[in-house]
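Each step along the sequence shown adds one to the number in numbering that gives the first Met the number 0, with nothing skipped, and position 69 is 68. Where is the CB? At the ideal position from N, CA and C, for every residue including glycine. Just so you know, these numbers come straight off a predicted model, no measurement behind them. Here the structure is laid out as structure tokens; the discussion comes afterwards.
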Amino acid sequence: MPQGKPVSVPEDGLTTRQRRARPLLIVHTGPGKGKSTAAFGLALRGWDQGWPIGVFQFVKSAKWRIGEERALRVLGDSGEGGSVSWHKMGEGWSWIQRPGSEEDHAADAREGWEQIKRDLAAETFRLYVLDEFTYPMKWGWIDVDDVIDTLRARPGSQHVVITGRDADPRLLDAADLVTEMGKVKHPMDAGQKGQKGIEW
0 MPQGKPVSVP EDGLTTRQRR ARPLLIVHTG PGKGKSTAAF GLALRGWDQG WPIGVFQFVK
60 SAKWRIGEER ALRVLGDSGE GGSVSWHKMG EGWSWIQRPG SEEDHAADAR EGWEQIKRDL
120 AAETFRLYVL DEFTYPMKWG WIDVDDVIDT LRARPGSQHV VITGRDADPR LLDAADLVTE
180 MGKVKHPMDA GQKGQKGIEW
């Protein structure tokens with residue numbers, strides 16, 4: 000896309016302005032670091048535009064305090080940009096062993112998805128960050144076809160960004176923008192654990 004110009008202009012009957020205003024479905028996937036970080040960067044841009052932002056975390060523990068959460072909450076409360084609403088699904092699951100069965104975690108994920116569907120129908124937010132949402136789809140907790148059908152039919156100008164590894168090929172096909180983060184090198188390869196300011 001040299002100099003911000005599209006490679007081709009579709010014959011869809013839309014004006015340049017109409018086409019530019021289309022809501023996007025964005026997917027950040029792949030084995031590399033930075034998928035959520037990039038999505039939160041989009042949230043910062045949206046906040047600056049005055050958009051209401053909805054963040055839904057599907058895997059990270061509810062007890063984890065990540066830097067982006069605090070920053071976006073403070074910005075959302077500042078009254079200068081858009082509002083920010085942050086939701087964590089239950090107490091988190093996946094990498095962390097917690098009381099409760101897989102069925103409980105699956106039910107939490109489905110409940111979170113149902114809330115997102117209600118918010119999409121009500122046009123609650125202008126940008127949705129569905130962080131690590133590829134996992135409940137991969138594990139069969141949330142139906143991929145339901146996600147695609149719902150997102151294709153969403154009303155208004157609601158942008159959605161989904162993060163996580165192993166995104167379903169059907170989701171990639173439905174998306175307008177897909178970025179695959181590749182890992183070339185990582186400190187964990189040399190035995191170094193995550194650190195403040197880099198991982199959280």
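When we look at the beta-carbon of residue i and count the other beta-carbons within 10 Å, is it buried (16 or more) or exposed?
i	result
His185	exposed
Arg44	exposed
Trp50	buried
Leu176	exposed
Lys4	exposed
Ala152	exposed
Thr15	exposed
Val128	buried
Val160	buried
From which residue to which residue does the beta strand (DSSP E) around residue i run?
i	result
Thr28	24 to 28
Phe55	52 to 56
Lys87	83 to 87
Ile161	158 to 162
Asp148	Premise fails: Asp148 lies in the alpha helix (DSSP H), 143 to 151, not in any beta strand (DSSP E).
Hey, out of the options, whose CA is closest to residue i's CA?
i	options	result
Pro168	Leu13, Asp118, Lys137	Lys137
Lys195	Gly33, Pro9, Ile65, Ser7	Ile65
Glu198	Gly33, Gln17, Val8	Gly33
Could you pull the start and end residues of the alpha helix (DSSP H) that residue i belongs to?
i	result
Glu68	66 to 76
Gln17	15 to 19
Thr36	34 to 47
Asp188	Careful: Asp188 lies outside any alpha helix (DSSP H) and carries neither H nor E.
Leaving aside the five residues before and after residue i along the sequence, list all residues of the same chain whose C-beta is less than 8 Å from its C-beta, in chain order.
i	result
Trp46	Ile52, Leu71, Leu74, Gly75, Gly80, Gly81, Val83
Asp130	Ser35, Ala38, Val54, Phe55, Gln56, Phe57, Val58, Lys59, Thr162, Gly163
Met187	Gly193
Phe124	Trp50, Pro51, Ile52, Gly53, Ser84, Asp118, Gln157
Trp94	Any answer about Trp94 is weak, because its pLDDT of 39 lies below 50 and its placement is not dependable; what the coordinates show is given next. Result list for Trp94: Val58, in chain order.
Leu171	Val26, Thr28, Val177
Glu67	Ser35, Thr36, Phe39, Ala42
Pro30	Arg164, Met180, Gly181, Lys182
Pro154	Leu119, Ala120, Glu122
Thr86	The amino acid at residue 86 is misidentified as Thr; the sequence shows His. Taken in chain order, the residues that qualify are Gly53, Val54, Phe55, Gln56, Gly111, Gln114.
Once you ignore the five residues that flank residue i on each side, which residues in its own chain have a CB closer than 6 Å to its CB?
i	result
His158	Pro22, Leu23, Leu126
Thr178	His27
Which whole-angstrom value describes the C-beta separation of residue i and residue j, a residue pair presumed to lie in contact below a C-beta threshold of 8 Å?
i	j	result
Glu108	Met88	It is Ala, not Glu, that sits at residue 108 in the sequence shown. About 6 Å separates the two Cβ atoms, so the contact holds.
Thr149	Lys116	6 Å
Ile147	Ala173	5 Å
For residue i, collect the residues of the same chain with a Cβ closer than 7 Å to its Cβ; drop the 5 residues on either side in sequence, then sort them by chain order.
i	result
Ile141	Ala108, Arg109, Trp112, Pro135
Ala189	none
Ala20	Ser156
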